[in-house]
Amino acid sequence: MNEMSRRAPFQTFVFMDLEATGLIEDRPKVMEICLVAVNRFSMENVKQNAHNLPELPRVLDKLCICTNPNKLITDEAVRITKLSNENLTENQKVGFDRALVTLINMFLDRQTPPVCLVAHNGLKYDFPLLKTELLRLGASLNSTVYCMDSYQAMKELVTTVRYSLCELYKTFFGHYPEIAHSAEADVLTLILVCLCKAPKLLKWTELNSCSLREIQPMYMPSPRKPQNLQATSRARKSQKHL
1 MNEMSRRAPF QTFVFMDLEA TGLIEDRPKV MEICLVAVNR FSMENVKQNA
51 HNLPELPRVL DKLCICTNPN KLITDEAVRI TKLSNENLTE NQKVGFDRAL
101 VTLINMFLDR QTPPVCLVAH NGLKYDFPLL KTELLRLGAS LNSTVYCMDS
151 YQAMKELVTT VRYSLCELYK TFFGHYPEIA HSAEADVLTL ILVCLCKAPK
201 LLKWTELNSC SLREIQPMYM PSPRKPQNLQ ATSRARKSQK HL
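One point on numbering: in full-length UniProt numbering, the residue at position 7 of the sequence shown is 7, and numbering is uninterrupted.
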C-alpha cells in the first residue's frame with residue numbers, strides 16, 4: 001500500500017507563489033513569498049457570480065512576506081515584479097531567515113491536514129527554490145506537506161494553446177488579470193483558475209501530488225562564511241581604498 005492510499009484526502013490547499021531575483025540559471029533567491037490557504041470545503045462548494053464564474057472564497061488564511069535577498073536582482077525581475085534591491089532595503093526588509101521558517105511552519109500547522117501546496121510550474125521553480133532556501137538555513141517544514149503543480153494539472157484538464165497563469169485566466173474569464181507578478185496577486189489568480197476546474201482538480205491532485213520531501217533543491221547554496229571571516233573580508237576591502 002503506497003503513501004497516497006494510506007492518507008486521508010487533502011483537507012487544505014495552500015496556494016503558493018514566490019517572486020525571486022532571477023531565473024533558474026541565475027541561482028535565484030526569494031524576495032517575496034505568499035501562501036493562501038483554502039479549505040477543502042471551499043473547493044467543493046464554489047461560490048459563483050452573476051456570470052457563473054467562480055468567486056474567491058470568503059474564508060482564506062494569508063501569509064505574505066517580502067524579504068531582502070542580499071543578492072543583485074536582475075533587471076528583468078525588477079521590471080516584472082517592481083521589487084528592487086533599493087526598495088527592499090529602503091523598507092528595511094530582512095532576509096529569508098529562521099524566523100520566517102518558523103512563521104511558515106506556524107501558518108501550516110494551523111491548517112487542517114493533510115495539507116497540499118499548490119504552485120504554477122511549482123515542480124520546476126517554486127518548490128525547488130523553497131527547498132534551497134530551507135537548505136541554506138539547515139531548516140525544514142515541520143508538517144508532512146505535499147505539493148502539486150497546477151501547470152501540469154491544467155495541461156491534462158484543459159484544452160487550450162497556452163498554459164501560463166495569465167493565459168489560463170483569460171481562457172476562463174475572458175480577460176487578463178488586472179494585477180500580475182506580485183506574489184499575492186498571482187496566488188489569488190491561481191485560486192480562481194483552479195476553482196474553475198475544482199471537481200476534476202481535486203481528483204487529479206489525489207493521484208498526482210508528491211511529498212515535499214521528495215523535491216530536490218534547485219541548487220546547492222554556497223556555504224555561509226562565519227561572521228568573523230565576513231568582518232575580516234570587509235576590513236581588507238576597506239584598507240585597499242585607504
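We treat Cβ as the ideally placed atom computed from N, Cα and C, and that holds for glycine.
Please list the segments of the beta strand (DSSP E) lying wholly inside the region 84-130, counting only runs of 3 or more residues, in order along the chain.
Here the runs fully enclosed are 115-119.
In or out: His120 buried (at least 16 other Cβ within 10 Å) or exposed?
Taking a 10 Å sphere around the C-beta of His120, we find 16 or more other C-beta atoms and assign the residue as buried.
By a C-beta neighbour count over all protein chains shown, 10 Å radius and 16 as the cutoff for buried, is Val59 buried or exposed?
Result: exposed.
Among Ile73, Lys197, Val115 and Pro221, whose alpha-carbon lies nearest the alpha-carbon of Arg136?
Minimum Cα distance to Arg136 is reached at Pro221.
Residue range of the alpha helix (DSSP H) that includes Ala20:
No alpha helix (DSSP H) contains Ala20, which is instead part of the beta strand (DSSP E) from Thr12 to Ala20.
Over the uninterrupted alpha helix (DSSP H) stretch that includes Tyr219, give me the two end residues.
Looking at the DSSP string, Tyr219 is not in any alpha helix (DSSP H), and its letter there is neither H nor E.
Can you list, in chain order, the residues of its chain whose CB lies under 6 Å from that of Arg40, leaving out five sequence neighbours each side?
Setting aside the 5 residues that flank it on each side, Arg40 is surrounded in the same chain by Gln11, each with a C-beta closer than 6 Å to its C-beta; the list follows chain order.
Answer yes or no: do Thr74 and Thr21 have a C-beta to C-beta separation smaller than 9 Å?
Taking 9 Å as the cut-off, the beta carbon of Thr74 is found closer than this to the beta carbon of Thr21.
Against chain B, with Cβ distances strictly below 9 Å, would Phe41 count as a contact?
Absent from the structure: chain B. Only one protein chain is present.
So, is Gln239 buried or exposed, given that buried needs 16 or more other C-beta atoms within 10 angstroms?
Annotation note: pLDDT 46 at Gln239 (below 50); position unreliable, no value reported.
Taking contact to mean at least 3 C-beta pairs separated by less than 8 Å, is the region 164-182 in contact with the region 123-136?
With the cut-off at 8 Å, the region 164-182 and the region 123-136 do not touch.
Between which two residues does the alpha helix (DSSP H) harbouring Ile65 extend?
For Ile65, no alpha helix (DSSP H) segment is defined; the enclosing uninterrupted segment is the beta strand (DSSP E) at Asp61 to Cys66.
Going by other Cβ atoms of all chains shown within 10 Å of its Cβ, with 16 needed for buried, is Met106 buried or exposed?
By the beta-carbon neighbour count (other beta carbons within 10 angstroms, threshold 16), Met106 is exposed.
Specify the secondary structure class of Asp80 as computed by DSSP and reduced to three states.
Residue identity check: residue 80 is Ile in the sequence provided, not Asp. Three-state result, Ile80: helix.
Given a cut-off of 9 Å on the beta-carbon distance, is the pair Leu190 and Ser150 in contact?
Annotated as proximal: Leu190 and Ser150, with beta-carbon spacing under 9 Å.
Could you name the residues that DSSP lists as bridge partners for Cys34?
BP columns for Cys34 point to Asp17 and Cys64.
With DSSP as the reference, please indicate the residues paired to Ser211 in a beta bridge.
Bridge partners of Ser211: Tyr146.
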